[in-house]
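Asker:
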Amino acid sequence: MVSVSLQDVSKSFGEVHAVDHLSARVPAGCIYGFLGPNGAGKTTTLRMIMDIIRPDAGRIEVLGQSSTSLPKARIGYMPEERGLYRKMRVAKALAYFGAIKGVSSGELTERVPRWLSRMGLTEWASRKVEELSRGMHQKLQFAVTVINDPDLLILDEPFSGLDPVNLDLLKEIVVQVRGEGKTVIFSTHVMHEAENLCDFILLIDKGRTVVDGTLDEIRARYHTRAAMVEFEGDPELVESLPAVRALTRQGRSWQIDLADGTDHQDLLRQLVGRVSVQGFEVKVPTLHEIFVHLVKGSDGQDR
Amino acid sequence: MGKIVKVAVREYVETARTKAFLIGVLMTPALIAVIVYVTGRYAGKPSGPQPAKHVVVADLSNDLSSEIKEAFRDYNASRSQRPIRLRELRPGGDANESYIKAQKQSVRDGGLDVLIVLDANVVEGAGKIHIYTRSARAGDVETLSALENLLNRAVANRRLKARGISPQLVAELRRRARVEHVSLAQGSQERRVDQGGRIIAMMVPFLFMFLMFMGVFGMGQHLLTSITEEKSSRVIEVLLSALSPFELMAGKIVGLGGIGLTVIGLWGVMAAAAARWRGVDITMAGEIAPYFAVYYVLGFLLFCSLLAGVGSVCTTPKEAQSLLLPVNLLAVLPMASWYHLVRNPNGLLAVVLSYIPPMTPMVMILRVGADGGVHPLEIAASIVLLAASVVGAMWAAAKVFRVGILMYGKRPGLGEMLRWVRQK
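Protein sequence lines, in the order shown, are assigned to chains R and C.
Just so we're aligned, residue 239 is where the first sequence starts under the working numbering, counting upward by one.
Just so we're aligned, residue 317 is where the second sequence starts under the working numbering, counting upward by one.
Listed below in structure tokens is the structure:
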């Protein structure tokens, strides 16, 4: 089942092509990472999914319906620019947003205290929103997003500006939401967040897809032919082995790039007996490396 | 629909809590009450004894000495609080050019308050009464008009005496008969109308228009503040993830319309209570009230649609104000010309302004209040036109609102906004 699908969607602001013929399918029940550098078109795409702005061309379907008749009550959206009514009391503000998202007042009397307690804001319930610290404000914003128990969560840069404790709290909730069979889409430009959480990844730059798929697929595709090896022995000897193209020191271990026509097994065979191998790891590229590699690559072509 | 109500309720409650609202509701009538009380208390009464004004008269006609002295004596006998002292009276022969020049200098120096020169042919011909003072100040007006009257009486008395008529006899003959004005209300009721009643009959339509103005514009300010605040605090995007732009806009307008009706209702009750306490007849106000309700609601919707459209593209209320200047000027026009309109409720200006939508509610309520005989067809036509313009304005505003509300930074021009309206 597909939760959100984008077909050939474009949006321009004046001369700027914010989103350029973008297509994507978000399967239901997964955590979907929306990655890209600043200004890649992430926020614009999420806003179009939410029907806050409309695409110039293309089709968007959300939870099986066209985005212009969006079932807003089933969606929780947290915009990148956080904002709540500053003069309202914390509990009241949460209840109000629940109400306009179609939660009945009976439900709210139970949900509001539950979420406030979960976010550690119970003591602040009758304070004004403007009295909250930045981190607390962000947690309240998150509670506002999930107060309607949405089937689809759309979070724009949800983890920016959080301390590690609160970061873990939100991640835990995101994972739990997926466990309930719901879909989470979030955007970020911090790669290791995506790496830890996401089932699927869409990497965009300048409004266009750079790469998409599951994390394993992407890693396999951008597999670097290298190994991280820890050994005792003569580095020059190692460098002269036929399977070794280059040798670079990285802390206590060495990164060995493989020569053409060889694989990790050849390298391991050639090492054994010549040096004392303490550790051997097939080097898996991090998203960060893939991201930098791909985005820089496209920059190089364009400029 | 349910969401519009929820937005409206929040808007109503949160606005009613602000200090600006409480001050507006309570302070405005309090201020008006104080002004009315103070002016009523002291109007027509001298504000205590004033220092004497010193006057020199140069009578070039050489014929008015006794009349002038008499007039000054009469004046000072009846107004001991504001004496005018006749320092010197020079008959023609002694008042030569150098004397007048010296006295003028004395006025300039402040040693003398007023110098009066009567032309030689002031009694028989077209001679003038020349009054010289240092400057023209508001505080001098009363003294000067008293002097004018007093000297004119002296001249007139002199003319009467020349024909052998007694001034006392003329005064006796010119005594005015007293007037009584009675308004015939329904049934056999008769009610005396005094001077105050006529002023009230003139003021009530104005007060209704003023209420309309405050109700529409005062609330408009709240709407602008509310929209630009949501925009600058970025809460707007969260709201739009739950509501359609139209639901948001409609909810706000309805909520603030409720606030407006509450304020006007409170003011109306206060005014009615005050009128009853002072024994003022307010049956007319009761007759106008239903018209007021209709015109207010339509006028409010029209104005707020414009505000919502314009407010959505701005990030501060101040910015919005400058964009709204033309609309505001339109609304001030009936306020500025109310006196003319209230005296000519069926005149050309009144009729023309009635059909220019932003002004319709204010002008029509003024006309209905000023003249019971405005044709029902005209009332119906103005309401239909107003309602149609409300629908048009809301439709256009919703389109502009939809695009404008998420725009930050550069403000779009009027042409750009019109393009949004034409889209789809």
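In this text, a Cβ means the ideal position worked out from N, Cα and C, and glycines have one as well.
All of these numbers come straight from a predicted model, not from anything done at the bench.
Which one of Glu464(C), Leu428(C) and Gly455(C) has the shortest CA to CA distance from Lys444(C)?
Answerer: Stepping through the second sequence from its first residue, residue 444(C) is reached at position 128. The shortest Cα separation from Lys444(C) among Glu464(C), Leu428(C) and Gly455(C) belongs to Glu464(C).
Asker: Under 8 Å between the Cβ atoms of Leu559(C) and Ile392(R)?
Answerer: Residue mapping note: residue 559(C) aligns to position 243 of the second sequence, counting from 1. Residue mapping note: residue 392(R) aligns to position 154 of the first sequence, counting from 1. No, these two residues do not count as a Cβ contact at 8 Å.
Asker: Name the DSSP bridge partner or partners of Glu603(C)?
Answerer: Residue mapping note: residue 603(C) aligns to position 287 of the second sequence, counting from 1. Partner(s): none; Glu603(C) has no beta bridge.
Asker: Straight-line CA distance for Val643(C) to Ala418(C)?
Answerer: For the purposes of this step, residue 643(C) is taken as the residue at position 327 of the second sequence. For the purposes of this step, residue 418(C) is taken as the residue at position 102 of the second sequence. Straight-line Cα distance between these residues: approximately 58 Å.
Asker: Specify the secondary structure class of His446(C) as computed by DSSP and reduced to three states.
Answerer: Within the second sequence, numbered from 1, the residue matching residue 446(C) stands at position 130. Of the three classes helix, strand and coil, the one that applies to His446(C) here is strand, per DSSP.
Asker: What three-state label does DSSP hand Pro309(R) in the structure shown?
Answerer: Start at 1 with the first residue of the first sequence, and residue 309(R) comes out as number 71. Looking at Pro309(R) - three-state DSSP - the assignment turns out to be coil, as it is neither helix nor strand.
Asker: Which chain R residues are close to Arg326(C), counting only those with a beta carbon under 7 Å from its beta carbon?
Answerer: In the second sequence, residue 326(C) corresponds to position 10, counting from 1. Those are Tyr334, listed as they occur along chain R.
Asker: Would you mind giving the Cβ-Cβ distance between Val658(C) and Arg727(C), rounded to the nearest angstrom? I have them listed as a contact below 8 Å.
Answerer: Position 342 of the second sequence, counted from the start, is the residue given in the question as residue 658(C). Position 411 of the second sequence, counted from the start, is the residue given in the question as residue 727(C). Contact doesn't hold; Cβ gap of about 40 Å is too wide.
Asker: I'd like to know if Arg738(C) contacts chain R, where contact means its C-beta is closer than 8 Å to some C-beta of that chain.
Answerer: Numbered from 1 along the second sequence, position 422 holds the residue referred to as residue 738(C). Cβ-Cβ to chain R under 8 Å: no for Arg738(C).
Asker: I want to verify the contact list: residues of chain C whose CB lies under 7 Å from the CB of Tyr460(R), in sequence order.
Answerer: Taking the first residue of the first sequence as position 1, residue 460(R) is located at position 222. Per Cβ cutoff of 7 Å: no residues; Tyr460(R) is ~35 Å from chain C at best.
Asker: When DSSP labels each residue in this structure, what does Gly511(R) get in the three-state scheme?
Answerer: Counting from 1 along the first sequence, the entry for residue 511(R) is found at position 273. Gly511(R) falls in the coil class under three-state DSSP.
Asker: Are there 16 or more other CB atoms within 10 angstroms of the CB of Val457(C), so buried, or fewer, so exposed?
Answerer: As a position in the second sequence, residue 457(C) is number 141, starting the count at 1. Exposed is the call here.
Asker: Determine, using beta carbons only, whether Ile385(R) comes closer than 8 Å to chain C.
Answerer: For the purposes of this step, residue 385(R) is taken as the residue at position 147 of the first sequence. So, not an interface residue.
Asker: Mind checking Thr426(R): buried by the 16 CB within 10 Å criterion, or exposed?
Answerer: For this step, residue 426(R) is matched to residue 188 along the first sequence. Result: buried.
Asker: Consult DSSP for Pro673(C) and reduce its assignment to one of helix, strand or coil.
Answerer: Here residue 673(C) refers to the residue found at position 357 of the second sequence. Pro673(C): helix per DSSP, three-state reduction.
Asker: Shortest alpha-carbon distance to Thr676(C) belongs to which of Tyr611(C), Glu383(C), Gly409(C) and Ile721(C)?
Answerer: Indexing the second sequence from 1 puts residue 676(C) at position 360. Of Tyr611(C), Glu383(C), Gly409(C) and Ile721(C), the residue nearest in Cα terms is Tyr611(C).
Asker: Taking just the CA atoms, how far does Gly663(C) sit from Arg401(C)?
Answerer: In the second sequence, residue 401(C) corresponds to position 85, counting from 1. In the second sequence, residue 663(C) corresponds to position 347, counting from 1. Each residue's alpha carbon lies about 50 Å from the other.
Asker: Check Ile481(C) in the structure and name its three-state DSSP category.
Answerer: On the second sequence, residue 481(C) is found 165 positions in, with the first residue counted as 1. It is coil, neither helix nor strand.
Asker: In the DSSP assignment, find the alpha helix (DSSP H) that holds Gln537(C) and state where it starts and stops.
Answerer: Residue numbering aside, residue 537(C) sits at position 221 when the second sequence is read from its first letter. Taken as a continuous stretch (DSSP letters only), the alpha helix (DSSP H) holding Gln537(C) covers Met535 to Ser548.
Asker: Counting only Cβ pairs nearer than 9 Å, list the residues of chain C close to Leu346(R).
Answerer: Translated into the one-based positions of the first sequence, residue 346(R) becomes position 108. Chain C residues near Leu346(R): none, gap ~12 Å exceeds 9 Å.
Asker: Compare the Cα-Cα distances from Gly421(R) to each of Pro523(R), Leu407(R) and Arg312(R) and report the closest residue.
Answerer: Translated into the one-based positions of the first sequence, residue 421(R) becomes position 183. Before going on, a small fix: residue 421(R) reads as Thr here, not Gly. Closest option to Thr421(R), Cα to Cα, is Arg312(R).
Asker: Run the CB neighbour count on Asn468(C), radius 10 Å, all protein chains shown included, and call it buried at 16 or more, exposed below.
Answerer: Reading the second sequence from its first residue, position 152 is the one you call residue 468(C). Burial call: exposed.
Asker: Could you check what DSSP says for Asp495(R) in three-state terms: helix, strand or coil?
Answerer: Position 257 of the first sequence, counted from the first residue, corresponds to residue 495(R). DSSP places Asp495(R) in strand when its eight states are reduced to three.
Asker: Could one say the Cβ of Leu722(C) lies closer than 8 Å to chain R's Cβ atoms, at least one of them?
Answerer: Position 406 of the second sequence, counting from 1, holds the residue named residue 722(C). True, the Cβ-Cβ gap to chain R drops below 8 Å.
Asker: In three-state terms, what does DSSP make of Pro650(C)?
Answerer: Position 334 of the second sequence, counting from 1, holds the residue named residue 650(C). Reduced to three states, the DSSP call for Pro650(C) is helix.
Asker: Is Leu322(R) close to chain C, meaning its C-beta is less than 8 Å from at least one C-beta of that chain?
Answerer: As a first step, residue 322(R) must be located in the first sequence, where it is residue number 84. Chain C contact via Cβ: present.
Asker: So, is Thr331(C) buried or exposed, given that buried needs 16 or more other C-beta atoms within 10 angstroms?
Answerer: Position 15 of the second sequence, counted from the first residue, corresponds to residue 331(C). Buried, since its Cβ has 16 or more Cβ neighbours within 10 Å.
Asker: I'd like to know whether the C-beta of Lys249(R) is nearer than 8 Å to at least one C-beta of chain C.
Answerer: Translated into the one-based positions of the first sequence, residue 249(R) becomes position 11. No, no contact with chain C.
Asker: Just verifying my parser: in three-state terms, what is the DSSP assignment at Arg683(C)?
Answerer: Against the second sequence, residue 683(C) aligns to sequence position 367. Here Arg683(C) sits in helix by DSSP.
Asker: According to DSSP, simplified to helix, strand and coil, what is Ala368(C)?
Answerer: Stepping through the second sequence from its first residue, residue 368(C) is reached at position 52. The answer is coil: DSSP assigns Ala368(C) none of H, G, I, E or B.
Asker: Taking only runs that begin and end inside the segment 375-441 of chain R, name each unbroken alpha helix (DSSP H) of 4 or more residues, in chain order.
Answerer: Here the runs fully enclosed are 402-417 and 429-435.
Asker: Can you tell me where the alpha helix (DSSP H) with Thr283(R) in it begins and where it stops?
Answerer: Numbered from its first residue, the first sequence carries residue 283(R) at position 45. Counting along the chain, the alpha helix (DSSP H) containing Thr283(R) begins and ends at Lys280 to Ile287.
Asker: Rounded to whole angstroms, what is the Cα-Cα separation between Glu563(C) and Met733(C)?
Answerer: On the second sequence, position 247 is the one that residue 563(C) refers to. On the second sequence, position 417 is the one that residue 733(C) refers to. Answer to the nearest angstrom: the Cα atoms are 20 Å apart.
Asker: Leaving out five residues before and five after Leu665(C) in sequence, what residues of the same chain have Cβ atoms less than 8 Å from its Cβ?
Answerer: The residue you call residue 665(C) lines up with position 349 of the second sequence. Cβ neighbours of Leu665(C) beyond the five flanking positions: Ser653, His656 and Leu657.
Asker: Short of 7 Å in beta carbon distance, which residues of its chain neighbour Leu622(C), apart from the five on each side in sequence? Order them along the chain.
Answerer: Numbered from its first residue, the second sequence carries residue 622(C) at position 306. Here the set comprises Val643, Ala709 and Ala713.
Asker: Thinking C-alpha only, which one of Tyr323(R), Ala262(R) and Ala464(R) is nearest Gln379(R)?
Answerer: Within the first sequence, numbered from 1, the residue matching residue 379(R) stands at position 141. Out of Tyr323(R), Ala262(R) and Ala464(R), Tyr323(R) has the C-alpha closest to the C-alpha of Gln379(R).
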